[in-house]
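Asker: Pasting a structure here, questions to come.
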Amino acid sequence: MADSKISALPASTTPLAGTEVLPIVQSSTTKQVSVANLTVGRDITVGSVIASNLTASTAVGADSNKKLVSLVQPAFAAYATSDQVVTSTVTTKVLFGTEEYDTNSNLASSTFTATVAGYYQINTGIQVGYTTLIRLSLTMYKNGSLYKRLVDFNTYTGNSICGSSTVYLAATDYVEIYVLMNGTGTLQVNGGAVDTSWFNGSILRGA
Amino acid sequence: MNLVDKIKTLYPTLVDEDFYPEGTIHLQNDSNGKGDYIKSWTNSNPQPTDTQLTAIGN
C-alpha cells in the first residue's frame with residue numbers, strides 16, 4: 000500500500016458509531032481498538048466537557064442510563080398579599096397571593112404542584128391577628144390531606160409562627176398550608192408585606 | 000350565622016374542642032370562594048344534612 004498522509008484520507012462521517020477502529024501499540028505489538036472501547040473501564044481526565052444535550056446554567060444529574068442530563072430544580076416563594084380573615088375553629092387554606100419567584104411555574108392559587116418528582120423542602124410562616132387566641136394550629140397539607148402539623152398552640156400570645164418539613168412529591172402531587180384559629184376578636188392571617196406571612200420551598204434532590 | 004354556629008345550634012352540647020384537629024368534627028375552608036364545609040364527621044351525633052343547616056337560617 001502506498002504511503003499516504005492522514006490529512007489526505009477522506010473525512011469520516013460523524014458522529015462516529017463507536018465501531019470504527021484505530022491502531023494502537025500495546026506491549027510492543029500493534030493492535031486495533033474500537034472507538035467505543037478507547038476509554039471503557041478507565042478514568043478519564045479532561046480540562047472541561049461541553050455536552051450539547053445539556054442546558055446552560057442548570058444543575059446536572061444522571062439519568063437511568065448514567066447519561067448526564069440537565070436537572071430542572073424548581074424553587075418558589077410567595078407571600079400573603081393582604082389580611083385573610085378566618086372563621087374560628089375552621090381549618091382554612093392560607094392564601095399567598097404575591098409571588099416572589101416561581102422558577103418552574105409550579106405555584107398557582109397558593110398551591111405548589113410538583114411537575115418534577117423528588118424530595119422538597121417546604122417552609123412557611125404566618126403572622127396572626129386576634130384579641131385572644133386559645134388554639135393556633137399551622138399545618139401542611141399534601142394532596143388535600145393533613146401531612147404535617149407544623150405548629151400547634153393551646154394558648155398563644157405572640158405574633159408570628161413558622162414551620163417547615165421535607166416532603167416527597169411525585170409529579171402532580173401538591174402541597175398547601177392551612178391554619179386553624181380559635182379565639183376572640185377578628186381572627187386573621189396578616190398580609191401585605193414580603194416578611195409577614197410567607198410560603199416558599201425548593202427541590203432538595205430528584206426522585 | 001356561620002357553619003360552626005349552625006352546628007352548635009343544632010347540637011348545643013358541642014364545644015370548641017370538638018372542632019379541633021384531634022376532635023370529631025373537621026370543618027374546612029379551601030379559600031376558593033366556596034366557603035366553609037364539613038370535611039369529616041365522626042361525632043356521635045349524626046352529621047347534619049344541608050337541609051337541616053339551611054333551615055337554621057342565616
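One line per chain: the protein sequences are A and B, in this order.
Numbering that gives the first Met the number 0 puts the first sequence at residues 0 to 206.
Numbering that gives the first Met the number 0 puts the second sequence at residues 0 to 57.
In this text, a Cβ means the ideal position worked out from N, Cα and C, and glycines have one as well.
Cβ atoms of T13 (chain A) and P22 (chain A): under 8 Å apart, would you say?
Answerer: Mapped onto the first sequence, residue 22 (chain A) falls at position 23. Mapped onto the first sequence, residue 13 (chain A) falls at position 14. Against a cut-off of 8 Å, the Cβ pair of T13 (chain A) and P22 (chain A) comes out as no contact.
Asker: Would you check if the segment 2–16 of chain B and the segment 114–124 of chain A touch, i.e. whether three or more CB-CB distances between them fall below 8 Å?
Answerer: The answer is no - the segment 2–16 of chain B does not touch the segment 114–124 of chain A, with fewer than three Cβ pairs under 8 Å.
Asker: Starting from the beta carbon of L26 (chain B), find every residue of chain A whose beta carbon is closer than 7 Å, and list them in chain order.
Answerer: Your numbering for residue 26 (chain B) matches position 27 in the second sequence. Under the 7 Å cutoff, chain A gives T88, V89, T90.
Asker: Do Y140 (chain A) and V174 (chain A) come within 8 Å of each other at the CB atom, strictly closer than that value?
Answerer: Here residue 174 (chain A) refers to the residue found at position 175 when the first sequence is read from its first residue. Here residue 140 (chain A) refers to the residue found at position 141 when the first sequence is read from its first residue. Closer than 8 Å, so yes.
Asker: Can you list, in chain order, the stretches of the alpha helix (DSSP H) that have 4 or more residues and sit fully within the segment 111–160 of chain A?
Answerer: Qualifying alpha helix (DSSP H) stretches: none in this window.
Asker: Whole angstroms is fine: what's the gap from H25 (chain B)'s alpha carbon to K33 (chain B)'s?
Answerer: For the purposes of this step, residue 25 (chain B) is identified with residue 26 of the second sequence, where counting begins at 1. For the purposes of this step, residue 33 (chain B) is identified with residue 34 of the second sequence, where counting begins at 1. Taking the straight line from one Cα to the other gives about 16 Å.
Asker: Taking the alpha helix (DSSP H) that A254 (chain A) belongs to, which residues open and close that run?
Answerer: Any question about residue 254 (chain A) goes unanswered here, given that chain A covers just 0 to 206.
Asker: Can you check whether the CB of F152 (chain A) is closer than 8 Å to the CB of L179 (chain A)?
Answerer: Translated into positions along the first sequence, residue 179 (chain A) becomes position 180. Translated into positions along the first sequence, residue 152 (chain A) becomes position 153. Cβ distance not < 8 Å, so L179 (chain A) and F152 (chain A) don't count as in contact.
Asker: Measure how close the beta-carbons of T54 (chain A) and S69 (chain A) come, nearest whole angstrom, since I'm counting them as under 8 Å.
Answerer: What you label residue 54 (chain A) is simply residue 55 of the first sequence in a count that begins at 1. What you label residue 69 (chain A) is simply residue 70 of the first sequence in a count that begins at 1. That pair is a contact at about 4 Å.
Asker: Could you tell me whether the Cβ atoms of I121 (chain A) and G190 (chain A) are closer together than 8 Å?
Answerer: Walking along the first sequence from the start, residue 121 (chain A) turns up at place 122. Walking along the first sequence from the start, residue 190 (chain A) turns up at place 191. No, Cβ-Cβ distance for I121 (chain A) and G190 (chain A) is not below 8 Å.
Asker: Is there a Cβ of chain A sitting closer than 8 Å to that of P45 (chain B), yes or no?
Answerer: Here residue 45 (chain B) refers to the residue found at position 46 of the second sequence. Not closer than 8 Å to any Cβ of chain A, the Cβ of P45 (chain B) fails to qualify, so no.
Asker: What residue range is occupied by the uninterrupted beta strand (DSSP E) comprising D101 (chain A)?
Answerer: For this step, residue 101 (chain A) is matched to residue 102 along the first sequence. First-last of the beta strand (DSSP E) with D101 (chain A): 97–101.
Asker: Just tell me which of A:A58, A:G162, A:V85, A:Y167 has its CA closest to the CA of N215 (chain A).
Answerer: Look at the range of chain A in this structure, 0 to 206, and you will see that residue 215 (chain A) is not part of it.
Asker: Express the C-alpha separation of S196 (chain A) and G124 (chain A) in angstroms, rounding to a whole number.
Answerer: Working through the first sequence from its first residue, we reach residue 124 (chain A) at position 125. Working through the first sequence from its first residue, we reach residue 196 (chain A) at position 197. Going from the Cα of G124 (chain A) to the Cα of S196 (chain A) covers about 5 Å.
Asker: Report, in whole angstroms, the separation of the C-beta atoms of V188 (chain A) and V127 (chain A), which I expect to be a contact under 8 Å.
Answerer: One-based indexing of the first sequence puts residue 188 (chain A) at position 189. One-based indexing of the first sequence puts residue 127 (chain A) at position 128. Right, their Cβ atoms sit about 6 Å apart.
Asker: From S164 (chain A) to S51 (chain A), what distance separates their C-alpha atoms?
Answerer: Here the question's residue 164 (chain A) lines up with position 165 in the first sequence. Here the question's residue 51 (chain A) lines up with position 52 in the first sequence. For S164 (chain A) and S51 (chain A), the distance between alpha carbons rounds to 37 Å.
Asker: Assuming L207 (chain A) and G162 (chain A) form a contact by the criterion Cβ under 8 Å, report the distance between their Cβ atoms to the nearest whole angstrom.
Answerer: As shown, chain A starts at 0 and ends at 206. That puts residue 207 (chain A) outside it, with no answer to give.
Asker: Should N64 (chain A) be labelled buried (16 or more other beta-carbon atoms within 10 Å of its own) or exposed?
Answerer: By one-based count along the first sequence, residue 64 (chain A) stands at place 65. By the neighbour-count rule (16 or more Cβ atoms within 10 Å), N64 (chain A) is not buried but exposed.
Asker: Give the DSSP-derived three-state secondary structure of E175 (chain A) in the structure shown.
Answerer: Counted from its first residue, the first sequence places residue 175 (chain A) at position 176. It is a strand residue.
Asker: Could you check which residue in A:I5, A:D2, A:A7, A:N36 has the C-alpha nearest to that of L15 (chain A)?
Answerer: Position 16 of the first sequence, counted from the start, is the residue given in the question as residue 15 (chain A). Cα-wise, what sits closest to L15 (chain A) is A:N36.
Asker: Following the continuous beta strand (DSSP E) through L70 (chain A), name the residue where it begins and the one where it ends.
Answerer: Position 71 of the first sequence, counted from the first residue, corresponds to residue 70 (chain A). Counting along the chain, the beta strand (DSSP E) containing L70 (chain A) begins and ends at 67–70.
Asker: Count the other C-beta atoms from every protein chain shown that fall within 10 angstroms of the C-beta of Y207 (chain A), then say buried if there are 16 or more, exposed otherwise.
Answerer: In the structure as shown, chain A starts at 0 and stops at 206, and residue 207 (chain A) therefore has no counterpart that could be examined.
Asker: Does DSSP put Q51 (chain B) in a helix, in a strand, or in coil?
Answerer: Taking the first residue of the second sequence as 1, we reach residue 51 (chain B) at position 52. Three-state DSSP puts Q51 (chain B) in a helix.
Asker: Between I37 (chain B) and D82 (chain A), what straight-line distance do the alpha-carbon atoms span, to the nearest angstrom?
Answerer: The residue you call residue 37 (chain B) lines up with position 38 of the second sequence. The residue you call residue 82 (chain A) lines up with position 83 of the first sequence. Distance between the alpha carbons of I37 (chain B) and D82 (chain A) is about 24 Å.
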